Structure formats: structure tokens, C-alpha cells
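Trainee:
Number of protein chains: 2
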Amino acid sequence: MARTPRTSAEDIRQRLATRIISSELSPGTPLDETALATEFSVSRTPVREALRLLAASGLVQQRPHATALVAKPDQATLAGMFEVMGYLEALCASLSAAQMSHAERSDLQRLHKEMAQIVRSGDTVVYSEANERFHSAIYDGAHNDYLAEITRSTRQRLQPFRRAQFNTLGRLSQSHSEHGDVVLAILQGDRRGAEEAMQRHIGIVQAAFADLQDENVRRGPKAAAAKLPAGA
Amino acid sequence: MARTPRTSAEDIRQRLATRIISSELSPGTPLDETALATEFSVSRTPVREALRLLAASGLVQQRPHATALVAKPDQATLAGMFEVMGYLEALCASLSAAQMSHAERSDLQRLHKEMAQIVRSGDTVVYSEANERFHSAIYDGAHNDYLAEITRSTRQRLQPFRRAQFNTLGRLSQSHSEHGDVVLAILQGDRRGAEEAMQRHIGIVQAAFADLQDENVRRGPKAAAAKLPAGA
DNA sequence: GATGATTTGTACGTATGTATA
DNA sequence: ATATACATACGTACAAATCAT
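Those sequence lines, one after another, are chains A and B. Residue 20 in numbering that gives the first Met the number 0 sits at position 21 of the first sequence, with consecutive numbering throughout. Residue 215 in numbering that gives the first Met the number 0 sits at position 216 of the second sequence, with consecutive numbering throughout.
(1) Determine the direct distance from the alpha carbon of Asp-180 of chain B to that of Gly-304 of chain B, and round the result to whole angstroms.
(2) Let me check one thing: in DSSP terms, what residues is Leu-68 of chain A bridge-paired to?
(3) Count the C-beta pairs between the segment 128-140 of chain B and the segment 106-116 of chain B that are closer than 8 Å, then say yes if the count reaches three, no if not.
(4) Between the segment 84-99 of chain A and the segment 46-66 of chain A, do three or more beta carbon pairs fall short of 8 Å?
(5) Apply the 10 Å Cβ neighbour rule to Leu-6 of chain A and answer buried if 16 or more other Cβ atoms are within range, or exposed otherwise.
(6) In the DSSP assignment, find the alpha helix (DSSP H) that holds Ser-42 of chain A and state where it starts and stops.
(7) Taking C-beta to C-beta, are Ala-92 of chain B and Glu-194 of chain B nearer than 7 Å?
(8) So with Cβ pairs under 7 Å, would you call Asp-144 of chain B a contact of chain A?
(9) Sorted by chain position, which residues of the same chain lie with C-beta nearer than 7 Å to Leu-35 of chain B's C-beta, five sequence neighbours on each side aside?
(10) Measuring only between beta-carbons, confirm whether Met-236 of chain A sits less than 7 Å from chain B.
(11) Mapping the DSSP letters down to three states, classify Met-114 of chain A as helix, strand or coil.
(12) In three-state DSSP terms, what is Glu-9 of chain B?
(13) Thr-76 of chain A by DSSP, collapsed to three states: which one?
(14) Taking any Cβ of chain A, which residues in the segment 44-71 of chain B have a Cβ under 7 Å from it, in chain order?
(15) Contact defined as beta carbons within less than 8 Å: I believe Tyr-126 of chain B pairs with Phe-165 of chain B. What is the distance between those atoms, to the nearest angstrom?
(16) Under a three-way DSSP split, which group does Ser-21 of chain B fall into?
(17) Could you tell me the alpha carbon to alpha carbon distance between Arg-43 of chain B and Leu-30 of chain B, rounded to whole angstroms?
(18) Quick one, are the C-beta atoms of Gly-140 of chain B and Ser-95 of chain B less than 7 Å apart?
(19) Sort A:Pro-26, A:Leu-15, A:Tyr-138 and A:Ala-70 by Cα distance to Ile-185 of chain A and report the nearest one.
(20) Check this for me: beta carbons of Val-69 of chain A and Val-83 of chain A, under 7 Å apart or not?
(21) If you follow the alpha helix (DSSP H) that Ser-176 of chain B is part of, which residue opens it and which one closes it?
(22) What do you reckon, are the CB atoms on His-200 of chain A and Met-114 of chain A nearer than 7 Å?
(23) Would you verify that the beta carbon of Thr-167 of chain B is, or is not, closer than 7 Å to some beta carbon of chain A?
(24) Rounded to whole angstroms, what's the CA-CA distance from Ile-11 of chain A to Gln-198 of chain B? Just pull it up for me.
(25) With a cut-off of 7 Å, does the C-beta of Arg-5 of chain B fall near any C-beta of chain A?
(26) Which residue marks the beginning of the alpha helix (DSSP H) containing Asp-232 of chain A, and which one marks its end?
(27) May I ask you to report which of helix, strand or coil DSSP gives Arg-119 of chain B?
(28) Would you decide whether Thr-123 of chain B is buried or exposed? Buried here means 16 or more other CB atoms lie within 10 Å of its CB.
(29) Buried or exposed, going by whether 16 or more other CB atoms sit within 10 Å of the CB of Gln-116 of chain B?
(30) What residue range does the alpha helix (DSSP H) around Gln-155 of chain A cover?
(31) Which residues of the segment 73-107 of chain B have a Cβ closer than 7 Å to any Cβ of chain A? Give them in chain order.
(32) Quick check: the Cα distance between His-101 of chain B and Arg-190 of chain B, rounded to an integer number of angstroms?
(33) So, under 8 Å CB-CB, Ser-56 of chain B and Ala-55 of chain A are touching, yes? Tell me the CB distance rounded to an integer number of Å.
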């Protein structure tokens, strides 16, 4: 499935990306080239190339002659990125409603039904994984590779800031219910409806995020990017 | 103004990007690391890093152990990118209508009036430059750095395929007239109006592009990405 | 503010893989 | 298909700049 990396630079890029996305490496963590090189048992050269790629995709921040850091966008930047993600996801949903093939529509419907089972089981980890596939199916359904690419990239960059996604059973079933609105509109070919349903679904994230910002203002900016709620 | 590059890798990246965007290097051109290194009087190392960055931003295509090429997206990919650019620009216009400051609105209005003069002069090069500033002002007016970044990036990647932008005086004054609709809506705070006016403006590009695709189907795919018309 | 220790930036050589005859 | 030529991937060494002290 996943194309095996043929260069160690690409291999390292993927491994570091995984660590950042999974928050094993938290925002602001310094990424020492020499240390990473010894850890991965390679020279600094492929590590440097991996860091360059990660910087280009926004997962790490780099300044000339300074140690690279895991990206730590400020609150305003994060808010803007969440807003854009809402628009992009809504656009994908709208285009999916118009352009999905029969097979894609039934696949989406089947996935949605499977997720109902998962909600009943209450397994948040499994739901999270299925949720990624659900959104990914809608990116692909828009039949526009570039749109899918930038939407995925945006989602990936925001991943470290959407950790405690489905911490409560209530949020789990609420998420599934919101998905239902999106699926229905897409199956009916209702572009506007799909767009609005997805925007509402993603909007939950933005709202939760906005709440947290207020909290931080009151409590001081210390625990800022620490444990963001959210849930798309 | 423009931050001076502090590393030769960054310097080379910018120089190569300029050449690609200006079509001095046409899509499909091989980028030999050794040749570039000798040309820029540096070792292959910074050249390699520059190429990696350009690959990440989509301006060049890279495969392991193979020579990098100036990016040459196929027709379907290009069509998708133009479509996304339309949505992004329209979104920027909509947000600008809602959020531009007084200063930004009057700056936009002033720029638009200056462009009327340029149209009368018929100088397509000067108009092209002003046009970039016009669109850039609307990206910034949305007050969302991430949105501005991905919109600019998309526009940049498409630049090599929008060469003969304002080749005719007619297109020049038509473009200015379309800008007028956008400006009016933004000044009035009419989000929907601004969005639609911008979508129409960008739509001209898509239409011209679609026409060319048909042409290529009839004439054979040879001269495909050769001399695209368009004009945003 | 100056200086030393540490880290990044660049050069160059070798190994490995690709592309063409 | 095999082999040869050639470009890229990686390792190592040194230069330059940053940051702590």
C-alpha cells in the first residue's frame, strides 16, 4: 500500500512527521541534527534533508544557523488555520456531493454505518482512525488531487493541536450524528447542504478552540497549546 | 524590505524559483545538481537543499536517484489547481469584504484607480505587476496569514502556465472592469458579491484553459503546456 | 560585551542506484 | 539483456555563525 521509502532521508522524514503528528514530539521541541543522526544511525546529511522537507510542509520551524524546532504556531495563526480547514473541508464535501461516483457514495455510506458500530463500542482510538478515513474519502471524492493535497496537509499540520478529540462518549456520538448530515447531503447530491453540514461539523472544532483561547487569556498563556479539545 | 537570504541554499532556491516562475526554465527541464553547482559557484550541497525545498513547494518534481525536473503537471492536475485557485481567491475576496480596515479599503481603491491609467497606457508588463499587487492586497485583506500563504503558493505554482496573460488590449481593459466589480463589492462589505465577482474574474482563466484542453485533444497532446492563454 | 563551546552551513569524496548504448 | 556511463545519496571534514557563559 504505502510506497516504501527508498532513501533514508524520506524514511527519516516520515518517522519524524509521525512523531510530531502523534505529539510524541511536542511543539517547541528542538530537533538537534547530530542527535537525530546518531539516533537513526545515519549521517547528518539525510537528517538535514528531512528537516528541510518538514519545514517546507510546516511541521517544523527553521531559521538560518539556528536549531530547528517542532512548529509552534501562535494562537492567531492556529485560529486562521482552523478557519481555512473549515472552508477546505466544506469545499471537499460540496464537490463530493456533485462528483462522487456510485461506488464512492456507497463506500462512504458503508463506512458511516460501520462507524455507528464503533460509537456503540465506545472505542475512541478505533473511531479516530475511522474518522480519518471518513474525511479522507470526502477529500478524494472531490476528484481534485490538488485540493485533497492541501486539505490533507492542513489537517496534518493541525493534528498536534487537536489531541483530545473524542475523549467523551457524548462527543463521539455527536460527531457521528454530524457525519450523518454530511453523508445524507452527499448521497442526495446536495452541494449546498453538504457544504453547510461539513462547515457545522468542523465549526465545533473552531468553537472549542475559541473557548480555549479565552481560557488562556484569563489563566495566562502558559498552558496555551498544551491540551486543546476540539474534534472533527 | 525583502529579507536578505542568509544561506546560499536559500539564495539558490529563490533564484531557481524566479527562473521557473518567469518560464526562463520551462516545465520538464532537467535540473542537474552538478551543473547548477558550478553555475552558482557553490558545492552540490546547497543546490540539493534548494531543490528539495522547491520540490516541497511543487515547483520541481523529484524521484529518488533521478534528476530533478521543473514541474510539469498534466492537464487534469492543472485544471484542478486552477479550480482551487478560483475558490481560494474568491474566499479571500469574501473575507476582505468583511474584514478589511479602512486603510486597506482605500489602498485597494487607489490601486484600482492607478490601474485604470495603466490600462490607458496599454503597458501590459506594468499592468501585470500592478495586477499581482492587486490580488496580493486582497489576500492580505482577508487577515488570515495561512490562507494568504496557500493562495500565493497556488498562484505561484500556476504562474508558468499563465504566461500570455494580457496580450491584448481588450483583455487588459476587461480585466480592469472585472476588478472594478470586485472592488465595489469589497468596499460595500458585500461578501457574497465580492466572492462571486472574484470567481467570475478567475473563471475567465478556467474557461480559457478549458478551451485549450479541447484544442489539444483535437490537435494531439504535443503542444500541451506550451503556450497557455489565460488571464487573472 | 567579549569569548568559548556548540550547532549549523558548505565542500568534497565515495557508494549506490538509474538510464542509455 | 548486459554493461557502461553518469547522476544522485550518503558520509566525513572543515568553516562559519549562533548562543551561553
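Built from N, CA and C at the ideal position, the CB exists for glycine as well. Treat the numbers as computed from the prediction; the structure is a model and nothing was measured.
Mentor: Concretely, from the data shown:
(1) The requested residue 304 of chain B does not occur in the structure, where chain B is confined to residues 0 to 231.
(2) DSSP output for Leu-68 of chain A lists A:Pro-29 and A:Gln-60 as bridge partner(s).
(3) Contact holds between the segment 128-140 of chain B and the segment 106-116 of chain B, because three or more Cβ pairs, one in each stretch, are under 8 Å apart.
(4) The segment 84-99 of chain A makes no contact with the segment 46-66 of chain A; the number of CB pairs closer than 8 Å stays below 3.
(5) Reading the sequence as shown, one finds Thr at residue 6 of chain A and not Leu. Per the 10 Å Cβ criterion, exposed.
(6) Unbroken run through Ser-42 of chain A: none, as it is neither H nor E.
(7) In this structure, Ala-92 of chain B sits near Glu-194 of chain B, with a CB-CB distance shorter than 7 Å.
(8) Asp-144 of chain B has a beta carbon lying within less than 7 Å of a beta carbon in chain A.
(9) Listed in chain order, the non-local C-beta contacts of Leu-35 of chain B below 7 Å within the same chain comprise Val-46, local neighbours out to five positions each way being set aside.
(10) Because residue 236 of chain A is not part of the residues shown, which for chain A are 0 to 231, the question remains open.
(11) Judged by DSSP in its simplified three-state form, Met-114 of chain A adopts helix.
(12) Of the three classes helix, strand and coil, the one that applies to Glu-9 of chain B here is helix, per DSSP.
(13) Three-state result, Thr-76 of chain A: helix.
(14) Taking 7 Å as the cut-off between beta carbons, the residues of the segment 44-71 of chain B near chain A are Glu-48, Arg-51, Leu-52, Ala-55, Ser-56 and Pro-63, in sequence order.
(15) That belief holds up - the Cβ atoms of Tyr-126 of chain B and Phe-165 of chain B are roughly 6 Å apart, short of 8 Å.
(16) For Ser-21 of chain B, the secondary structure class from DSSP, reduced to helix, strand or coil, is coil.
(17) Note on geometry: alpha-carbon atoms of Arg-43 of chain B and Leu-30 of chain B lie some 12 Å from one another.
(18) Yes. Within cutoff.
(19) Comparing Cα-Cα distances from Ile-185 of chain A to each of A:Pro-26, A:Leu-15, A:Tyr-138 and A:Ala-70, the minimum goes to A:Tyr-138.
(20) Between Val-69 of chain A and Val-83 of chain A, the CB-CB gap reaches or exceeds 7 Å.
(21) Per DSSP, Ser-176 of chain B belongs to the alpha helix (DSSP H) from 168-186.
(22) Between His-200 of chain A and Met-114 of chain A, the gap from beta carbon to beta carbon reaches 7 Å or more.
(23) Closer than 7 Å: no.
(24) About 41 Å.
(25) Yes - at least one Cβ of chain A is within 7 Å of the one on Arg-5 of chain B.
(26) There is simply no residue 232 of chain A to check, as chain A begins at 0 and stops at 231 in what is shown.
(27) Assignment of Arg-119 of chain B by DSSP, reduced to helix, strand and coil, places it in the helix class.
(28) Looking at its Cβ environment, which holds 16 or more other Cβ atoms inside 10 Å, Thr-123 of chain B is buried.
(29) With fewer than 16 other Cβ atoms within 10 Å, it is exposed.
(30) For Gln-155 of chain A, the enclosing alpha helix (DSSP H) stretches over residues 144-157.
(31) Taking a C-beta cut-off of 7 Å against chain A, the contacting residues of the segment 73-107 of chain B are Thr-76, Gly-79, Met-80, Glu-82, Val-83, Tyr-86 and Leu-90, listed in chain order.
(32) About 16 Å.
(33) Going by Cβ atoms, the distance from Ser-56 of chain B to Ala-55 of chain A rounds to 6 Å, so yes, they are a contact pair.
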